[in-house]
Amino acid sequence: RAGNGETLQRQLRDVEELLDILQTRFRLRLDPASEVPALARRLAGLISA
Numbered sequence: 028r029a030g031n032g033e034t035l036q037r038q039l040r041d042v043e044e045l046l047d048i049l050q051t052r053f054r055l056r057l058d059p060a061s062e063v064p065a066l067a068r069r070l071a072g073l074i075s076a
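Quick note: the sequence shown uses my numbering, first residue 28, plus one each step.
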């Protein structure tokens, strides 16, 4: 939500952008060596569907 209470929506088409949002805005902690590549593969399948 924006500062004035409006909802912000956007369409994500890039896995790296989605991972960045999950890790920064939602504070998702992932192991860069094992969890990030696995999650990136799964998200890529969802985004391309």
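Each residue gets a CB set at the ideal place from its N, CA and C atoms; glycine is no exception.
Rounded straight-line distance, which links the Cα of residue j to that of residue i
i: ALA67; j: THR34; result: 26 Å
i: ARG37; j: LEU57; result: 24 Å
i: THR51; j: ALA76; result: 25 Å
i: LEU73; j: ARG54; result: 21 Å
i: VAL42; j: ALA65; result: 12 Å
i: ALA60; j: ILE48; result: 18 Å
C-beta atoms of residue i and residue j nearer than 7 Å
i: LEU70; j: LEU45; result: yes
- At 4 residues or longer, and completely inside the region 32-60: list those alpha helix (DSSP H) runs for me, N to C. 42-51
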